[in-house]
Each structure stands twice: as structure tokens, then as C-alpha cells.
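**Q** Sending over a structure as C-alpha cells; questions will come in a sec.
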Amino acid sequence: MKIGYPCINTSIARETKSTFRLASYSEYCLVEVVRNNLDHLEKILQYNVRKSLLFFRITSDLVPFASHPICKFNWQKYFVHRFKRVGDFIKKNKIRISMHPDQFVLINSPKEVVVENSIRELAYHCSILDLMGLDSSSKIQIHVGGAYGDKPLAMKNFGKNYSALLSDNIIRRLVIENDDRLYNVSDCLRIHDLTGVPILFDSFHHRCCGNRDGLSLSNACQMSNQTWKKNDGVPMVDYSDQAPGYRKGKHCTTIDLDNFRRFVLQTRELNYDLMLEIKDKQISAIKAANALCSLGMRIAL
DNA sequence: GGGCGTCAAGCGTAT
DNA sequence: ATACGCTTGACGCCC
Numbered sequence: 006m007k008i009g010y011p012c013i014n015t016s017i018a019r020e021t022k023s024t025f026r027l028a029s030y031s032e033y034c035l036v037e038v039v040r041n042n043l044d045h046l047e048k049i050l051q052y053n054v055r056k057s058l059l060f061f062r063i064t065s066d067l068v069p070f071a072s073h074p075i076c077k078f079n080w081q082k083y084f085v086h087r088f089k090r091v092g093d094f095i096k097k098n099k100i101r102i103s104m105h106p107d108q109f110v111l112i113n114s115p116k117e118v119v120v121e122n123s124i125r126e127l128a129y130h131c132s133i134l135d136l137m138g139l140d141s142s143s144k145i146q147i148h149v150g151g152a153y154g155d156k157p158l159a160m161k162n163f164g165k166n167y168s169a170l171l172s173d174n175i176i177r178r179l180v181i182e183n184d185d186r187l188y189n190v191s192d193c194l195r196i197h198d199l200t201g202v203p204i205l206f207d208s209f210h211h212r213c214c215g216n217r218d219g220l221s222l223s224n225a226c227q228m229s230n231q232t233w234k235k236n237d238g239v240p241m242v243d244y245s246d247q248a249p250g251y252r253k254g255k256h257c258t259t260i261d262l263d264n265f266r267r268f269v270l271q272t273r274e275l276n277y278d279l280m281l282e283i284k285d286k287q288i289s290a291i292k293a294a295n296a297l298c299s300l301g302m303r304i305a306l
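Note that the working numbering gives residue 268 to position 263 of the first sequence, counting from 1, and the numbers run on in steps of one.
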């Protein structure tokens, strides 16, 4: 099992800004920010290797406005060697990589323009992973999308657009994640049957958000994991925990190790890489890795 | 140099 | 009707 955390390391300060406003877009600004973002990403990855955290989610904001029409600059070509260098480091250290496009990536939207924008955004995510030379085990995870007043139709439309509109390069990386309100694991399994898309199991969404479908945690996790094929790599699982005293669904600020151990023991027959979606990022990831060791389980490889 | 209004993108739910 | 959460906060103007 590899343990990871998303996008940001709270202990590595940024020396420069990571993005900018659309109103201040310029090629100069883009080049500077992307260069700095790649430098910063390398620092985080080096830290992660030192700490044996070999799973990481790369931020979608690595290249700001990459899928926006304002961006005419060929950043792919300009930064080809920098991306390759990061990718070589990732491969050399066997780091597992995921990306998670934002909530407006909706491939089942009834609005054609939303679908078009979503596909452009997915293509952007792919190009990051492609430029790094990473194989199809590097995944791009999205939610199924909206229900649009007719959930069965919305699911059918997901399948339709998936097959008709997505390029092979997107399909080889794309996975869907059960969400906290609309599409639970059973729904995702139905969409998997339609499309073959693997399911990334989110334990928090499954467990705590009124999204139960009668599947036990270990069954839901196992059935999701079985949708991953050989070329998809080890199944990925997202983990978080309820922030005590807050609205249902709010992520906790730091990991509760008792809950974490319980989760690990319930799923101990299964093989997966675990992404900890917890506010304090690498701090909880390190705590979790230590907890696994004390349970006699082995992290990384 | 700190405070805070606002920031590309969609949807569903709560108020 | 409007605000909010989602999540990765953080830019950038204002004082």
C-alpha cells in the first residue's frame, strides 16, 4: 500500500505565487508561474520520497487557464524537458500519481458547452501526465456529475458521452468516484457496467453522507477495486473522516487514528493505494503511515 | 503588511 | 431568490 495526500504540503512554503487572476493573464505570467509550480512540485515530491509517502495528487492548477481559450501559448512544448524531469523522478521513485479535476468537469451535462469544456479540461490533465511520461496507472478522477432531474437518464448520458466523445487517451486514465449525495457505489457500478470505467472508492462519501446503498464498507471497497484492470494499476481509495461537531460531510482537520485503524482492518484483505483527503495534508499522511507500521502492515514497496 | 472581497468554469441543497 | 459547499485557498486591491 502507498499512502498519499492531495496537492499541497503545508510545511513547504511557496516563494512565489501559484496562480493569478484571469484579468492579469499574460504569457510572461504564465511561464513564470508554471516554472515555479514545477519547481515547487519537485520539492514536494522529494519531501514525499524522504518520508516514504509514495502517492500524490498533482494540483489541477499546475498550469493556470490551460484549457481556457485565452491560453494560446504552447506551454507543452516550452516546458517539455521540465515535465520530463519531474516524470523521471516520479518513475525512478515509483511514485503513484492521481489528479482530480474540479467540480465543473461534468461529462453528462445536458449543456453541450459544459461537456466540451469538461473534455478540454480532461485533455489538459492528460497532457500533464503524458508530458511526464507516466503510464495509464496515473489516474484522473472525477465524479459522475449531476442528475438533472432524471438520474437514470443522466447515467445513460454519462455512458453515451463517455463512449462517443472521449478520446482513448482520456479513457485510459479516467476513473469515477462515488460522491456524497447523488452517485453511490451501486450507481457507479452500474455506470461501470455500461462503460468499463474503473471506480475509485471514497470511503468517507460511502460511510457518512446519507449515501448508503446497503453495501458494507468492505464490500463496497472490494467491488469498486474489482473494476480496476491490470493496466489501471493498484486500485486507488480516498479516505477522510468526519470533522467532529461540524456539519455532516465536513472533512476533519487531522486524522483520527482509531477510526483509521478500524478502516484499515476492515479492508485489510484488499490491496489499494490510499489518498488521505485531510486538511493537514502530509501531517496526517505521516501519522497514518506510522499507524500502519505499528499494525504490522507494510507501506510503499 | 495585514484585511478582506473576490476569483473561469456547475450542480444540488439549505435557507 | 440567494448563499453555500464542494476544495487546493490565494490573488491582489485597499487601507
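Every residue gets a Cβ at the ideal spot worked out from N, C-alpha and C, and that includes glycine. All values derive from a computational prediction rather than experimental measurement.
(1) How big is the Cα-Cα spacing for ALA294 and CYS193?
(2) Please give me, in chain order, every unbroken run of the beta strand (DSSP E) with length at least 3 that falls completely inside the region 94 to 126.
(3) Report, in whole angstroms, the separation of the C-beta atoms of ASN113 and PHE163, which I expect to be a contact under 8 angstroms.
(4) Along the chain, where does the alpha helix (DSSP H) that runs through PHE268 open and close?
(5) What three-state label does DSSP hand PRO157 in the structure shown?
(6) What does the alpha-carbon distance come out to for the pair PRO203 and TYR52?
(7) For my contact list, ILE8 and LEU281 are in at a C-beta cut-off of 8 angstroms; report their separation, rounded to the angstrom.
(8) How many angstroms separate the CA atom of ARG19 from the CA atom of GLU47?
(9) PHE84 and ARG40 - do their beta-carbons sit closer together than 9 angstroms?
(10) When you compare only the Cα positions, how much space is there between ILE260 and ILE124?
(11) Out of LYS165, LEU187, GLU182, SER142, point me to the one whose CA is closest to GLY154's CA.
(12) Please list the terminal residues of the continuous beta strand (DSSP E) segment that includes PHE70.
(13) Tell me whether ILE147 sits in a helix, a strand or coil according to DSSP, three-state version.
(14) If we count Cβ pairs, one from each stretch, closer than 8 angstroms, do we get three or more for the region 73 to 80 versus the region 105 to 112?
(15) At which residue ranges does the region 170 to 252 contain complete beta strand (DSSP E) runs of 3 or more residues, listed in the order of the chain?
(16) Compare the Cα-Cα distances from ASP140 to each of ILE63, GLY92, MET160 and report the closest residue.
(17) Of the residues TYR251, ILE283, TYR129, SER223, which one's Cα is nearest the Cα of PHE268?
(18) With 16 as the cutoff for other CB atoms within 10 Å, does ALA28 come out buried or exposed?
(19) What are the boundary residues of the alpha helix (DSSP H) that ILE288 is part of?
(20) Under 8 angstroms by Cβ, that's how I've got ASN183 and ASP198 pegged, so tell me the actual separation to the nearest angstrom.
(21) Less than 6 angstroms between C-beta atoms, sequence neighbours within five positions excluded: which residues of the same chain meet that for TRP233?
(22) Answer with buried or exposed for SER289, where buried requires no fewer than 16 other C-beta atoms within 10 angstroms of its C-beta.
(23) Kindly provide the ranges of any alpha helix (DSSP H) runs that are 4 or more residues long and lie completely inside the region 30 to 77, ordered along the chain.
(24) Along the chain, where does the beta strand (DSSP E) containing TYR10 start, and where does it finish?
(25) For a quick check, are the C-beta atoms of GLU37 and THR21 less than 9 angstroms apart?
(26) Measure the beta-carbon distance from LEU127 to ILE100 and round it to whole angstroms, keeping in mind my assumption that it falls under 8 angstroms.
(27) Considering only their Cβ atoms, is the gap separating THR64 from ILE13 smaller than 9 angstroms?
**A** Looking at the coordinates:
(1) The alpha-carbon atoms of ALA294 and CYS193 are separated by roughly 29 angstroms.
(2) Runs of the beta strand (DSSP E) inside the region 94 to 126: 101 to 104.
(3) With 8 angstroms as the limit, ASN113 and PHE163 qualify as a contact, their Cβ atoms being about 4 angstroms apart.
(4) Looking at the DSSP string, the run of the alpha helix (DSSP H) that includes PHE268 is 262 to 271.
(5) Correct three-state label for PRO157: helix.
(6) If I take the Cα positions, the gap works out to 30 angstroms.
(7) Rounded, the Cβ-Cβ distance is 7 angstroms, consistent with contact.
(8) Distance between the alpha carbons of ARG19 and GLU47: 12 angstroms.
(9) In contact: ARG40 and PHE84 (Cβ atoms closer than 9 angstroms).
(10) Spanning the two alpha carbons is a distance of roughly 35 angstroms.
(11) Closest option to GLY154, Cα to Cα, is LEU187.
(12) Unbroken run through PHE70: none, as it is neither H nor E.
(13) The answer is strand: DSSP assigns ILE147 an E or B state.
(14) Contact between the region 73 to 80 and the region 105 to 112 is absent, with fewer than three C-beta pairs closer than 8 angstroms.
(15) The qualifying runs are 179 to 182, 204 to 207, 241 to 244.
(16) The shortest Cα separation from ASP140 among ILE63, GLY92, MET160 belongs to GLY92.
(17) Considering only alpha carbons, the answer is SER223.
(18) With fewer than 16 other Cβ atoms within 10 Å, it is exposed.
(19) Looking at the DSSP string, the run of the alpha helix (DSSP H) that includes ILE288 is 287 to 299.
(20) Rounded, the Cβ-Cβ distance is 15 angstroms, inconsistent with contact.
(21) If we look at TRP233 and ignore the five residues flanking it on each side, its Cβ neighbours are PRO203, PRO240.
(22) The Cβ neighbour count for SER289, taken over all protein chains shown within 10 Å, is at least 16; the residue is labelled buried.
(23) As far as the region 30 to 77 is concerned, its whole alpha helix (DSSP H) runs of at least 4 residues are 32 to 55.
(24) First-last of the beta strand (DSSP E) with TYR10: 8 to 11.
(25) Closer than 9 angstroms, so yes.
(26) LEU127 to ILE100, Cβ: 22 angstroms. No contact.
(27) Taking 9 angstroms as the Cβ cut-off, ILE13 and THR64 qualify as a contacting pair.
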